[in-house]
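Protein chains in written order, with the numbering used here: chain A, 6 to 122; chain B, 347 to 460. Here a beta-carbon is modelled for each residue, glycine too, at the ideal position from N, C-alpha and C. One structure below.
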C-alpha cells in the first residue's frame, strides 16, 4: 500500500477565491489522480497527473478551473479556482501502485473537505 | 467503460456473513475487479482485487465465476465497524493517460445492526 497525506484536511472558503490542495506520498509513484466526491455521491475522476507532463482532464473538468501541478514523483497539488458553492465537495488524491499477483490499483488519501460559502 | 451494478443498500446483523454481488456484463479480457470500502469523511480503502475464481485475504473473499460477468464480495462475521459504503470497480486501461482508470459507481451502503 502507500501512505498518502493531504493538506488541508478541511477548509471553509469564500466565493470567488481559490484553494490549493496538496497531496504527498511516502514513496515515488508515476501516476497520481484527483477525484471529487460531492455530498452523498460517488467519486468522480477530475484528472490524471503524470510527473513531467500536463495533466489529463476528464470530461466536464478544465485546467482553468482545476489547475494541477506535479513537480516530482511524490507530490501534487490541485487548485480549485474562482470557487462557488457548487464546488463544495471532498477532494481526494490517489496513487497507482503495482500490487502483487494482479494489476495496478489505486490507493487513496484521506481527502480534503471543502465548503464554499 | 465497463459499468458495474450493485445493490444500493444492505442491512445485516452483527456476526453474520455478508455477500454483496456486483454485475459487470461488459468486462473486458484484461480487466481486474477491485472492491473498496469507504467510511464517512474518509478516502476509499482498498479491500480486495481479483481476476477469476476465488481470492481471499485477511479482510474478505472475492468470488468470480468463470464468465466473469459478476463478482461477490464476502465479508465474514461482520461487526458494527463494517458499516460503510462498498464499491465494486472494474479496472480499465485508459489509453489516453496510459494508466488504469477506475470508474466508481454508486456503491452499496452496508448497515450492520447490533
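- Inclusion of residue 33(A) and residue 79(A) in the CB contact set at 7 Å is warranted, their separation being smaller than that value.
- The beta carbon of residue 122(A) does not come within 7 Å of any beta carbon belonging to chain B, so the residue lies off that interface.
- With the rule of 3 Cβ pairs closer than 8 Å, the stretch 348 to 355 of chain B does not count as touching the stretch 64 to 80 of chain A.
- Where residue 77(A) is concerned, the enclosing beta strand (DSSP E) starts and stops at 73 to 77.
- Residue 412(B) sits exposed, since fewer than 16 C-beta atoms from the chains shown fall within 10 Å of its C-beta.
- Annotation for residue 369(B): 350, 351, 352, 415, 416 place their beta carbon closer than 8 Å to its own, counting only its chain and skipping 5 residues before and after.
- Flagged as an interface residue toward chain A: residue 452(B), by a C-beta distance shorter than 7 Å.
- Taking residue 71(A) as the centre and dropping the five residues before and after it, the same chain places the C-beta of 39, 51, 52, 62, 83, 84, 85, 86 closer than 8 Å to its C-beta, in chain order.
- Beta-bridge partners assigned by DSSP to residue 56(A): none are found.
- No Cβ of chain A is located within less than 7 Å of the beta carbon of residue 352(B).
- Within chain B, the C-beta atoms nearer than 7 Å to that of residue 112(A) come from 392, in chain order.
- DSSP, read as helix, strand or coil, puts residue 427(B) in helix.
- With respect to the 7 Å criterion, residue 382(B) and residue 437(B) are not classified as neighbours on the basis of their beta carbons.
- When the Cα atoms are used, residue 28(A) and residue 114(A) turn out to be separated by approximately 8 Å.
- Taking a 10 Å sphere around the C-beta of residue 390(B), we find 16 or more other C-beta atoms and assign the residue as buried.
- Looking only at 421(B), 451(B), 456(B), the smallest Cα-Cα distance to residue 49(A) is reached by 451(B).
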